[in-house]
Structures are given as structure tokens and as C-alpha cells.
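In the working numbering, the protein residues as written are 53 to 383. Contents: one structure, followed by commentary.
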């Protein structure tokens with residue numbers, strides 16, 4: 053089926069049963085805001101369903117609480133699922149270094165249990181995995197596409213790569229239809245990330261709105277690819293529609309534009325200053341000891357492969373995304 057002949061999101065998700073793991077997280081919060089607008093059933097799986105903000109819409113919501121290491125729970129949550137968004141993970145690279153075994157249990161084991169439950173169910177669901185752009189390590193050339201040779205340099209990235217490879221393996225066997233989207237630096241409206249070393253741009257926006265001084269480690273010259281959360285959600289929702297073209301593969305998902313950390317924070321200060329009428333100051337500070345080498349990377353995503361297969365177009369520039377985020381947190 054050609055890209056232009058694909059059904060709309062509401063048509064595709066109508067009457068489908070959708071599972072979201074990690075349903076109380078930041079990305080899930082935004083995904084749920086969109087999915088509830090469709091006539092579908094959404095199964096929200098979380099270790100603590102009390103943290104899930106109930107979104108209003110026409111979808112029917114089911115809530116299942118349990119451990120991500122409990123095999124019996126996966127048998128229950130995957131039952132009759134058409135589409136699975138596997139978002140459950142431990143997201144701190146520093147916590148992963150402190151306790152690699154715990155990180156394995158958080159980021160690899162749940163994928164294995166999920167996939168095996170899918171295999172035994174015999175329903176062949178679509179599984180969308182939220183990977184990370186840093187799985188490839190420190191790329192030599194920019195922008196980075198799917199042909200880069202993966203060489204992870206942190207425990208966290210190594211485990212995310214393992215989880216992705218399990219998904220590809222089960223896809224090749226025909227037990228699921230899986231695709232991994234490796235996300236760059238995601239920002240935008242939503243709850244606070246559970247990890248202190250994630251969501252830095254959101255943190256800076258909140259600090260600026262409080263009138264606080266913003267800090268940059270060193271010169272802030274390292275390049276990041278910041279992608280607005282609405283564009284991430286769009287890609288997540290579109291991926292299952294095009295699963296015949298994308299199954300068994302991974303794609304780098306970013307805005308396709310690079311910005312130095314310094315310039316990104318400077319833009320936050322400029323836009324917030326304009327919004328609140330007070331000048332926000334920026335100060336350069338010495339980087340703290342113990343920063344991992346991955347912090348000193350440069351990254352820009354080449355999204356052409358995903359765009360050509362799915363027809364997806366990303367709409368948010370950094371300025372537009374920051375402005376919308378300011379409005380959300382100000383409200």
C-alpha cells in the first residue's frame with residue numbers, strides 16, 4: 053500500500069486493543085493524550101497505576117498494575133493486543149553504571165518477557181519500542197542514520213541495544229512485528245522525568261519561568277538534536293500503520309537539526325524573557341566530576357529513511373517547541 057493510501061490514525065486505531073507498558077511515564081502521558089481520542093481499548097500497564105493521569109476521551113481504558121519482571125502479568129496484558137507500545141524502562145545512564153544488573157532487569161528482561169508472552173499468545177502483535185540515539189555510541193560523522201555501526205559506551209545504551217536486538221530477533225521469527233525508534237533529546241509538555249539526567253531542556257524552561265539563572269557546563273559546544281514530544285508521538289502512532297515497511301528494523305528519530313547546548317539554553321532564556329518580561333541570565337560553570345564520556349557527544353539524526361517509508365513529516369522547530377512548552381508550564 054502506498055504511503056498516501058494509508059488510513060488515518062483514527063481509522064487505523066478504531067476498535068483495536070492497545071497496550072502501553074510504562075504507562076505512568078513522560079512519553080506515555082503524551083501518547084495517551086492522543087490515543088484517548090480514538091475509539092479503541094487502551095491497556096495501561098504500570099508498576100503504580102495510581103501515578104497514571106486519566107485522560108478524557110472516547111477510548112476505553114483498562115489499568116493493570118504489576119512488576120515488569122512478573123511473567124504471569126505479561127501473559128495477561130498482551131492478551132488480544134493488536135499494538136504494543138513498549139515504553140517501560142529505567143532511563144538514567146548513571147543509575148545503570150551504579151547497578152548494571154538492576155538495569156538489565158529494568159531494560160532487557162521486560163522486553164524478553166513481553167516478547168515471549170507475545171509468542172505464546174500466537175496473536176502476532178505490532179510492537180513499537182522506544183530506543184535511544186546513544187545506542188550507537190560516539191558517532192564519527194553527522195548526521196547519523198541507520199547504517200552507523202553500533203558501539204555503545206554505557207551500560208544503559210548496551211542494554212537498550214540488547215532489548216532492541218531481542219525485538220528484531222522475534223520479528224525475524226515471525227512471532228511479532230517489531231520496530232525500534234531511537235529517540236534523540238526529547239522535550240515538551242508532560243510530567244517530570246523519573247531520572248534527573250533526563251529532560252534537561254524542560255528543566256531549564258521551568259527554572260527560567262521561575263526567574264532563576266540558567267547554567268551551562270563549560271562552553272556548551274556539544275551538538276544535540278532536540279525533538280518535540282508531539283513529533284515523537286506522531287512517529288510512534290504512525291509506525292504501526294507502516295509496519296510492513298518497517299518491521300524488523302530500527303530508525304533514528306530526531307528533528308534532523310542540530311543545536312549546541314549553549315545555543316539551545318540561550319534560546320530558552322530569550323523566549324522565556326520575552327514571555328515573562330524579565331531578563332533571564334545564563335552562567336557557565338565547571339562541569340561536575342564524574343560525567344560520563346557520552347555527555348561529550350555530538351549528534352544530529354538523519355530521519356530520511358523513516359520519512360521515505362512512512363511519509364511522516366515533523367513540524368516543530370526548536371523555537372516553536374520551546375514556545376509551546378513555555379505556555380504549558382506557565383498555565
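Ideal Cβ positions, reconstructed from N, Cα and C, are used throughout, including at glycine.
In the three-state DSSP reduction, residue 134 falls in the coil class, being neither helix nor strand. The beta-carbon separation of residue 180 and residue 291, rounded to 5 Å, stays under the 8 Å limit for a contact.
Residue state for residue 215 is assigned as helix, using DSSP reduced to three classes.
If you draw a straight line from the Cα of residue 207 to the Cα of residue 191, it comes to about 17 Å. The shortest C-alpha to C-alpha distance from residue 338 to any of 270, 76, 121, 252 is the one to 270.
Burial of residue 210 is indicated by the presence of at least 16 other C-beta atoms within 10 angstroms of its C-beta. Between the segment 254–266 and the segment 89–96, the count of Cβ pairs shorter than 8 Å is below three; the stretches do not touch.
The beta carbon of residue 94 sits closer than 6 Å to the beta carbons of 70, 87, 111, 113 from its chain, once the five residues preceding and following it are set aside; these are given in chain order.
Using a 10 angstroms sphere on the CB of residue 230, the tally of other CB atoms reaches 16 or more, which defines it as buried. Comparing alpha-carbon positions, the option among 259, 141, 293 lying closest to residue 178 turns out to be 293. Listed in chain order, the non-local C-beta contacts of residue 232 below 7 Å within the same chain comprise 181, 183, 216, 219, 302, local neighbours out to five positions each way being set aside. The three-state reading of DSSP puts residue 78 in helix, counting H, G and I together. A direct Cα-Cα distance of roughly 12 Å separates residue 171 from residue 163. Here residue 238 carries a strand assignment [DSSP, helix/strand/coil]. A distance below 6 Å between beta-carbons, with the five flanking residues on each side excluded, links residue 329 to no residue of its chain. With a beta-carbon spacing of about 7 Å, residue 305 and residue 279 fall inside the 8 Å limit used to define contacts. In the same chain as residue 345, and ignoring 5 residues on each side of it, the C-beta atoms closer than 8 Å to its own belong to 190, 205, in chain order. Residue environment analysis places residue 380 among the exposed positions, since fewer than 16 neighbouring C-beta atoms fall within 10 angstroms of its C-beta. Between residue 297 and residue 361 a beta carbon distance of about 4 Å is seen, short of the 8 Å cut, so the two are scored as contacting. DSSP assignment within the segment 315–356 yields the following whole beta strand (DSSP E) runs of 3 residues or more, N-terminal first: 334–337. Taking the Cα of residue 308 as reference, the smallest distance to any Cα among 358, 226, 158, 327 is reached at 358.
Boundaries of the alpha helix (DSSP H) around residue 146: 145–150. The DSSP assignment places 266–269, 278–280 as complete runs of the beta strand (DSSP E) inside the segment 251–290, in order along the chain (cut-off: 3 residues).
By the beta-carbon neighbour count (other beta carbons within 10 angstroms, threshold 16), residue 268 is buried. Leaving aside the five residues that flank residue 127 on each side, the residues in its chain whose CB is nearer than 8 Å to its CB run, in chain order, 169, 172, 173. Per DSSP, the continuous alpha helix (DSSP H) segment holding residue 380 begins and ends at 370–382.
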